[in-house]
Amino acid sequence: MSDSRLRTHHTDEQEEEQEDERADQACPECSGHLVVDDERGETVCEDCGLVVDTDEIDRGPEWRAFDAGEKDEKSRVGAPTTNMMHDKGLSTNIDWRDKDAYGNSLSSNQRQKMQRLRKWNERFRTRDSKERNLKQALGEIDRMSSALGLPENVRETASVIYRRALDENLLPGRSIEGVSTAAVYAAARQAGVPRSLDEINEVSRVEKSEIARTYRYVIRELGLEVAPADPESYVPRFASSLELSDEAEHRARKLLENAKEQGVHSGKSPVGLAAAAVYAAALLTNEKTTQAAVSEVADISEVTIRNRYHELLEAEQGLPMA
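Take a look at the structure:
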């Protein structure tokens, strides 16, 4: 085949590929022009509004930049840094499995070599006592947060609180586990997903009295602003665990709002009020639940639920009629 024929054949192939691409980019309903919405991860027809594709993978960076300088400053290679790791995720991790990239087992010589590399890598990652302290503490924070079902932002905040406590030399005379637990307790309350002291105590390795004492010390010394726990913040979790309806959850919130208006909540445990409100709401919406079930979910005594239950109903009845 001559050069001219080859060029013609190659050009025809290119034109066919371009036509196929245009066909792929056309709306299947009206053949209109398709545009990609990066914010929603969708491909939409500009003419008829048909959503052609959804849940597309965003292959861009997770950060935003508004000028060239900010873009250069944020630009990086690899995963973002995180306070949840003692070295902020900047060091190397060597997998514990003795397998190569293809999943094949390593030979005995290679296994011994990898074991030595792991040992030295671990030594380089924690060069001094401060880093070893931080590594142990962040491991505790991650373990407790997982057991309590806390989101990643709470773990990040707890890690920052612990780092501040370590930098300001608040650790002497206190256990690593105690300060870690106090950091998790404070971070959960700051994020609006509080856990009761009893729940924290169940997953911690220190006594309840030490947690409370260390928590008060840490928030005082670091100047943390932690608002008193709102009983309403416990309601969604309790209602979900008891498999109650949205109506019951809304009714429980209404009972707590009425209690606040009447001043019944003052000096009362927010967990006890939330548990009683959920129990009362279940009865008022004719949903089956028992004091024992609520007691188990909220980790609070049935006597407390009964007492608060009566107080909540009395507060609602005592409201002036509109």
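Each residue of the sequence shown is one higher than the one before, counting from -13 in the numbering used here.
Heads up, the beta-carbon is just placed ideally off N, CA and C, and yes, glycines get one too.
Given the structure is predicted, the values throughout are model-derived calculations rather than measurements.
Open item on the list: My output table needs one value for L92: the three-state DSSP class, helix, strand or coil.
Closed with: coil
DSSP has K85 in a bridge; who is on the other side?
S91
* Going by CA-CA distance only, name the one from K240, V192 and G209 that's closest to V221. => K240
If you draw a straight line from the alpha carbon of A278 to that of R223, how long is it in whole angstroms?
17 Å
- Task: Could you check which residue in D81, E138, V283 and L208 has the C-alpha nearest to that of L157?
- Result: L208
For a test of the three-state rule: what should DSSP assign to M307, helix, strand or coil?
Low per-residue confidence applies at M307: pLDDT is 35, beneath 50, and the placement is therefore not dependable, though the value from the model is reported in the following sentence. In this structure, M307 counts as coil in the three-state DSSP scheme.
Residues near L299 in its chain [Cβ-Cβ closer than 7 Å; skip 5 each side] = The residues are A266.
Item to check | Simplified DSSP assignment, three categories, for L208 | outcome: Looking at L208 - three-state DSSP - the assignment turns out to be helix.
Review point. Does DSSP put L228 in a helix, in a strand, or in coil?
Key: coil
Do you know offhand how far G18's Cα is from D39's? 15 Å
Q. What is the rounded straight-line gap between the Cα of A225 and the Cα of V21?
A. 42 Å
* Would you identify the three-state DSSP class for L270, choosing helix, strand or coil? => helix
request  = For the beta strand (DSSP E) containing T275, list its first residue and its last residue.
outcome  = Per DSSP, T275 belongs to no beta strand (DSSP E) and is neither H nor E.
**Request:** Whole angstroms is fine: what's the gap from I205's alpha carbon to V212's?
**Result:** 8 Å
Measure how close the beta-carbons of R333 and G258 come, nearest whole angstrom, since I'm counting them as under 8 Å. There is simply no residue 333 to check, as the chain begins at -13 and stops at 308 in what is shown.
* To do: Out of L124, N139 and N272, point me to the one whose CA is closest to T167's CA.
  => L124
**Report entry** Cβ contact check for the stretch 138 to 145 and the stretch 183 to 199: 3 or more pairs under 8 Å
**Finding:** no
Report task. Flag this pair as yes or no: are the beta carbons of K74 and T68 separated by less than 8 Å? Result -> yes
Paired residues, beta bridge with H19 - DSSP | Answer by DSSP bridge pairing, in chain order: A12.
| By how many angstroms is the C-alpha of E25 removed from the C-alpha of E48? | 12 Å
| Nearest residue (CA-CA) to E229, options N90, C16 and V280 | V280
Discussion item. Within the continuous beta strand (DSSP E) that includes E28, where are the two ends?
Written reply: E28 to C31
Q: Check each candidate in A260, G253 and N187 and name the one with the smallest Cα separation from E218.
A: A260
| Candidates A234, H296 and K85, of which the one nearest K274 by Cα | A234
In the DSSP assignment, find the beta strand (DSSP E) that holds V37 and state where it starts and stops.
Counting along the chain, V37 sits inside the beta strand (DSSP E) bounded by residues V37 to D39.
key: Backbone CA spacing between A9 and E28 [nearest angstrom]   = The predicted position of A9 is uncertain, since its pLDDT is 45 and thus under 50; no value can be drawn from it.
Taking the alpha helix (DSSP H) that R118 belongs to, which residues open and close that run?
R118: member of the alpha helix (DSSP H) spanning S115 to L134, first to last residue.
(message) In this structure, how does DSSP classify F110 when only helix, strand and coil are distinguished?
(response) helix
**Asked** With distances taken between CB atoms, is the gap from A91 to K85 smaller than 8 Å?
**Response** In the sequence as presented, Ala is not what sits at residue 91; that position holds Ser. Against a cut-off of 8 Å, the Cβ pair of K85 and S91 comes out as a contact.
Query - Option in D285, I147 and K246 with minimal Cα separation from A172 - result: When each option's Cα is compared against that of A172, the closest is I147.
*Is H72 closer than 8 Å to K105 when the C-beta atoms are compared?*
Contact: no.
Practice item. Use the C-beta contact count for L136: other C-beta atoms within 10 angstroms, 16 or more gives buried, fewer gives exposed. Key: buried
My output table needs one value for E302: the three-state DSSP class, helix, strand or coil. E302 falls in the helix class under three-state DSSP.
- Count the other CB atoms, across all protein chains shown, that sit within 10 Å of the CB of Q303; report buried if there are 16 or more and exposed otherwise. exposed
Q. How many Å lie between N95 and S77 at the Cα?
A. Taking the CA atoms as reference points, N95 sits about 25 Å from S77.
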